[in-house]
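Below is one structure, written out as structure tokens; the observations come after it.
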Amino acid sequence: MTPEPATAGSRTAAVARNALAALRGDPRFLAVSTIAPLVVVYLLKVFWDAIDTPLIRQAYFAVPGGAYMVHFVTYILTAIVLVRERVAGTLERMFINGFRAREIVAGYLVAYTVLATIQCVLILAELSFLFDLGYDFLTMLEVFLVIWLLAVVSMALGMLVSNAARNEGQVFPFVPLVMLPAVFLSGMVVSVDSLPTWAQTVSYIVPLRYAVDVIHEIADGGGLLGQVGPLLLLPLLAILAVGFAARTLREDL
Amino acid sequence: MERVVTVERLVKEYGPVTALAGVDLDIERGQIFGLLGPNGAGKTTLIRSVIGALRPTSGRVSVLGLDPLSDRWELRRRLGYMPQTPALYGDLTTRWNVAFFVAAHRRGDTESAVDEALAAVDLTDRADDPARTLSGGMKQRLSLACAIVHRPELIILDEPTSGIDPELRATFWNGFRELASAGTTVVVSTHQMGEALECDRVALLHLGDVVAVDDPRHLLRSSRARIRLWSGGEERSIELDDYPNQLRALLASEPADRVEIELERVDDIVLRVFRNQVKKEGTTS
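Residue numbers (our numbering), protein chains in the order written: chain A, 1 to 253; chain B, 1 to 285.
In structure tokens form, the structure reads like this:
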């Protein structure tokens with residue numbers, strides 16, 4: 001029997017399966033990327049107990065912190081992974097064997113979304129264990145959705161950065177470039193409204209800002225729909241970044 | 001004979017650097033075709049133009065009747081490529097590596113194709129081991145399996161046997177010969193004289209141009225050798241330009257405890273042919 005020719009879908013699935021298998025084959029990488037953010041969230045709790053202020057509510061403080069960790073880790077993981085394939089020559093081999101750029105990007109996105117979903121669940125479980133969030137199950141699901149969407153944006157951004165780098169070392173300057181402005185311009189530390197106008201304008205391109213907007217709305221007792229704009233902008237940003245990543249993933253650098 | 005690869009006046013420039021300076025080349029079906037030349041001669045740029053991995057500055061390339069850029073994906077179903085470095089997933093098993101690369105072409109039942117490719121490179125008994133546990137030579141074999149698993153009509157190998165032992169090299173070449181006799185066209189870039197002589201035809205490349213294309217037994221026939229003689233702890237080095245005819249006379253007149261013969265290398269021959277050609281052009285013009 002002649003095997004059926006591959007389709008775009010089957011190739012994407014093959015890339016995703018391959019990326020997941022590679023993750024499973026590298027347990028140290030997997031463990032560090034899962035456990036490190038949990039440790040940092042625990043430090044967040046230590047920090048919270050030390051500042052001991054009645055002025056800020058726990059959910060206002062802790063959930064954006066957890067979201068930031070997911071943002072950080074998913075961004076770095078995907079930024080490294082594609083560049084690693086380029087250096088190893090397997091990216092070139094994928095192209096020459098007939099995998100298209102969009103299938104490679106989509107396949108990696110699917111695979112790393114599995115990892116990101118696990119990270120989101122673990123971080124949320126830790127947050128609700130350490131902090132007194134006062135959320136019911138439905139509200140937790142809403143928070144999960146926001147952080148998960150942020151993770152998808154982060155992964156797409158990571159791949160975009162990966163495409164601009166020729167080796168692992170070139171990825172590193174992009175890490176603070178994206179992650180540090182996110183701390184100051186997202187509303188996580190100080191409210192965006194209290195920033196100077198130019199900084200408020202820049203904050204529109206910071207994905208974490210939209211997640212924090214929705215997270216604060218949920219903490220204020222409003223539902224997801226209280227911040228429809230930011231909620232819709234997250235998947236829109238994700239689609240844009242994924243599309244751009246697929247366009248910029250070049251065979252010949 | 002059917003032409004599988006046709007290259008006409010191919011030029012590739014990287015800014016001020018000319019990597020290919022108007023290459024013309026024809027490769028026929030079922031041939032083992034060698035690309036020879038020193039580093040920087042343009043072998044890899046030529047290979048990358050043929051597989052559609054880079055856009056030439058000018059000129060025309062046709063591979064299996066297709067344009068490598070506009071018909072890239074159709075071409076890649078019918079083409080196999082083995083890069084210089086193995087390019088494998090070290091944490092994944094030998095079998096998985098091969099199965100992944102064939103998944104670009106086939107859906108569903110790929111088992112038999114994978115089994116066949118692993119058997120062809122004699123790695124069946126290592127199928128379930130992670131690729132990183134294989135020896136250097138085994139990794140090269142696995143890399144070859146990944147390149148042939150979809151049974152391509154044209155296989156392009158970029159220095160496939162660099163850094164592997166002579167016995168394994170012979171096994172590789174038996175495999176290439178089998179593929180060629182079954183109608184597959186094999187294009188190999190190499191620096192090794194032994195490999196070059198195994199080819200049906202070779203092209204000598206230098207400074208981005210084809211210096212000569214011919215049967216390697218004609219083109220690479222060289223009578224130049226450096227003979228090193230040791231006698232009584234003293235070493236002498238003598239250049240012969242009619243080796244081996246002059247060797248007997250030399251050894252009769254220069255008794256030695258130990259003799260080493262260093263034949264002219266492929267890259268030296270390419271340079272010599274190139275210089276002769278330049279000289280000839282200089283005198284005719």
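Cβ atoms here follow ideal geometry from the backbone N, Cα and C, with glycine treated the same way.
Any C-beta of chain A under 8 Å from that of residue i
i, result
"ILE47/B", "no"
"ASP91/B", "yes"
"PRO130/B", "yes"
"ILE148/B", "no"
"ALA51/B", "The displayed chain sequence assigns Ile, not Ala, to residue 51/B. Closer than 8 Å to some Cβ of chain A, the Cβ of ILE51/B qualifies, so yes."
"ALA145/B", "no"
"ARG151/B", "no"
"THR161/B", "no"
"THR85/B", "yes"
"ARG275/B", "no"
"ARG78/B", "no"
"ARG107/B", "yes"
"GLU281/B", "no"
"ALA286/B", "Because chain B is modelled from 1 through 285, residue 286/B falls outside the range shown and cannot be assessed."
Neighbourhood of residue i by C-beta distance below 8 Å, restricted to the same chain and skipping five residues each side
i, result
"ARG250/A", "ALA101, ASN163"
"ARG9/B", "GLY22, VAL23, ASP24, SER58, GLY59, ARG60"
"LEU253/A", "Model confidence at LEU253/A stands at a pLDDT of 43, short of 50, so the residue's coordinates are unreliable; what they give is reported in the following sentence. Closer than 8 Å at the Cβ level, and outside the excluded window around LEU253/A, lie ARG86, ARG166."
"ALA41/B", "LEU205, HIS206, LEU207, GLY208, VAL270"
"MET1/A", "The predicted position of MET1/A is uncertain, since its pLDDT is 46 and thus under 50; a value taken from the coordinates is nonetheless stated next. Same-chain partners within the cutoff: there are none."
"LYS139/B", "PRO86, LEU88, ALA131"
"GLU92/A", "ARG86, GLU251"
Contact with chain B by residue i, beta-carbon distance below 8 Å
i, result
"LEU253/A", "Confidence at LEU253/A is low in this model, with a pLDDT of 43, below 50, so the placement of that residue should be treated as unreliable; the coordinate-derived value is given next. It does not: the Cβ of LEU253/A has no partner Cβ on chain B nearer than 8 Å."
"ASN167/A", "no"
"ARG84/A", "no"
"ARG11/A", "yes"
"THR7/A", "yes"
"ALA106/A", "no"
"ASN18/A", "yes"
"THR90/A", "yes"
"ALA213/A", "Here the sequence assigns Asp to residue 213/A, which means Ala is not the residue at that position. Output row for ASP213/A: interface = no."
"PHE99/A", "yes"
Identity of the residues DSSP links to residue i by a beta bridge
i, result
"THR18/B", "GLU13/B"
"PHE33/B", "VAL187/B, ARG201/B"
"SER203/A", "Beta-bridge pairing links SER203/A to no other residue."
"GLU4/A", "ARG107/B"
"THR6/B", "ASP26/B, SER62/B"
"ALA225/B", "LEU240/B, LEU263/B"
"HIS206/B", "ASP209/B"
"LEU154/B", "LEU79/B, THR185/B"
"HIS258/B", "Strictly speaking, residue 258/B in this sequence is Arg, with His absent from that position. TRP230/B, per the DSSP bridge assignment."
"GLU235/B", "TRP230/B"
"THR93/B", "PRO130/B"
"ASP214/B", "VAL202/B"
Contact check, residue i vs residue j, beta carbons under 8 Å
i, j, result
"ALA165/A", "VAL83/A", "yes"
"TYR112/A", "THR74/A", "yes"
"ALA127/B", "THR93/B", "yes"
"LEU88/B", "ALA131/B", "yes"
"ALA117/B", "VAL149/B", "yes"
"LEU142/B", "LEU134/B", "yes"
"ILE118/A", "GLY66/A", "no"
"THR12/A", "GLU103/A", "yes"
"PHE274/B", "ASN18/A", "no"
"LEU220/B", "LEU197/B", "yes"
"PHE29/A", "MET179/A", "no"
"ILE156/B", "THR184/B", "no"
"ILE147/A", "CYS120/A", "yes"
Supposed close pair residue i, residue j - CB separation, criterion 8 Å
i, j, result
"VAL187/B", "LEU35/B", "7 Å"
"ALA116/A", "MET155/A", "7 Å"
"ARG48/B", "GLU28/B", "About 21 Å separates the two Cβ atoms, so there is no contact after all."
"ASP241/B", "SER223/B", "6 Å"
"MET188/A", "LEU157/A", "That pair is no contact at about 17 Å."
"ALA62/A", "LEU38/A", "With 8 Å as the limit, ALA62/A and LEU38/A do not qualify as a contact, their Cβ atoms being about 13 Å apart."
Own chain residues within Cβ distance below 6 Å of residue i, not counting five before or after
i, result
"LEU263/B", "ALA225"
"ILE261/B", "ALA225, ILE227"
"GLN227/A", "ASP213, VAL214, GLU217"
"ILE216/B", "Reading off the sequence shown, one finds Pro at residue 216/B, where the question assumed Ile. Counting only Cβ-Cβ distances below 6 Å, and skipping sequence neighbours, we find ALA196, LEU197, CYS199, VAL202."
Within chain E, partners of residue i - CB distance below 7 Å
i, result
"TYR81/B", "Here the protein chains are A and B, and chain E is not one of them."
Neighbourhood of residue i by C-beta, 7 Å cutoff - its chain only, sequence neighbours within 5 removed
i, result
"THR139/A", "ILE218"
"ILE80/A", "GLU168, VAL171"
"ARG265/B", "MET193"
"VAL15/A", "PHE99, GLU103, ILE104, GLY107, TYR108"
"LEU75/B", "GLY52, VAL63, LEU64, LEU66, PRO68"
"ARG95/B", "VAL114, LEU118, ALA127, ASP128"
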